[in-house]
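Numbering (this note's numbering), first residue to last: 12 to 255.
1) Taking buried to mean at least 16 other C-beta atoms within 10 Å of its own C-beta, is residue 240 buried or exposed?
2) So, with DSSP's three-state summary, where would you put residue 144?
3) Is it buried or exposed for residue 126, if we count other Cβ within 10 angstroms and need 16 for buried?
4) Using the DSSP secondary-structure output, state which residues sit across from residue 175 in a beta bridge.
5) Using 8 Å for Cβ pairs, my map puts residue 170 next to residue 201. What's the rounded Cβ distance?
6) Starting from the C-beta of residue 156, find all residues in its chain whose C-beta is less than 8 Å away, skip the five residues before and the five after it, and write them out in chain order.
7) Exposed or buried, residue 81, counting other C-beta atoms within 10 Å across all chains shown (16 or more means buried)?
8) Whole angstroms is fine: what's the gap from residue 148's alpha carbon to residue 197's?
9) Alpha carbon to alpha carbon, how far is residue 133 from residue 115? Give it in angstroms, no decimals.
10) Cα separation between residue 223 and residue 163?
11) State the CB to CB distance for the pair residue 220 and residue 189, rounded to an integer number of angstroms; the pair is presumed to be in contact (CB under 8 Å).
12) Taking 9 Å as the cut-off, decide whether the C-beta atoms of residue 183 and residue 233 are in contact.
13) Given a threshold of 16 other Cβ atoms within 10 Å of its Cβ, counted over all protein chains shown, does residue 225 qualify as buried or as exposed?
14) Apart from the five residues just before and just after residue 174, which ones in its own chain have a Cβ nearer than 7 Å to its Cβ?
15) Under the assumption that residue 166 contacts residue 193 (Cβ atoms under 8 Å), give the Cβ distance between them as a whole number of angstroms.
16) Compute the beta-carbon to beta-carbon distance between residue 181 and residue 211, rounded to the nearest angstrom, for a pair I have assumed lies under 8 Å.
17) Am I right that residue 129 and residue 76 are in contact with their C-beta atoms under 8 Å? What's the rounded C-beta distance?
18) State the Cα-Cα distance for the pair residue 191 and residue 214, rounded to the nearest angstrom.
19) Comparing alpha-carbon positions, which option in 66, 195, 243, 199 lies nearest residue 136?
20) With the cut-off set at 9 Å, would you say residue 249 and residue 152 are in Cβ contact?
21) Which one or two residues does DSSP pair with residue 132 in a beta bridge?
22) Quick check: the Cα distance between residue 158 and residue 70, rounded to an integer number of angstroms?
23) Does DSSP classify residue 77 as helix, strand or coil?
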């Protein structure tokens, strides 16, 4: 869930939680109208995807049902008619009964085939709905990613995130933070103030690395490293919701 934290540690194999409720904070000067439009657009897209899947499901079932009924009706009428014709022409009741039974057997066979068609249609429909649901989940994940990226355009956002993480690991004597140069100065300034305001005694060193996208950071500590940010959060969401 987006209101939980997601942290992934490569070396230490640590998986914890990272508070992402900061996504919902309203930045100063941000338009409420734009936010409402974003939500409305998201809801309309998801609603349209669900309705499309429902229509397709009904089309598949209706087509299979009609085909099955036609096959059953034609087979039974053909077989029954042939049984009557041969029976009366030969003048033997045995012949009539024989061909009538054959017609019924053929009708039963076709009925079973029709039921199989319906079963296969249901399976196809289920698979279709499942795939549509995945598309909806992917859409929601992409939207969440866009919201996060917008949030991390604020240089203070990374400092807020790192404070939470480093507090959780303050038993370590020092931390080396690698992040995009966009955040470097603010992180250094914020952590100087943070150490004065709290009991944090750990040293925090910041290295600018523009190979790391905005919204992501790597924290090196004494016994391993922690990868935090957007990419890690989205990867975890895909793993949990899509099994990817």
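Quick reminder that beta carbons are idealized off the backbone N, C-alpha and C, glycines included.
From the atom records:
1) buried
2) helix
3) exposed
4) DSSP, once it has assigned bridges, lists no residue as partnering residue 175.
5) 4 Å
6) 241, 245
7) exposed
8) 35 Å
9) 27 Å
10) 13 Å
11) 5 Å
12) yes
13) buried
14) 205
15) 6 Å
16) 6 Å
17) 7 Å
18) 19 Å
19) 66
20) yes
21) DSSP output for residue 132 lists no bridge partner at all.
22) 36 Å
23) helix
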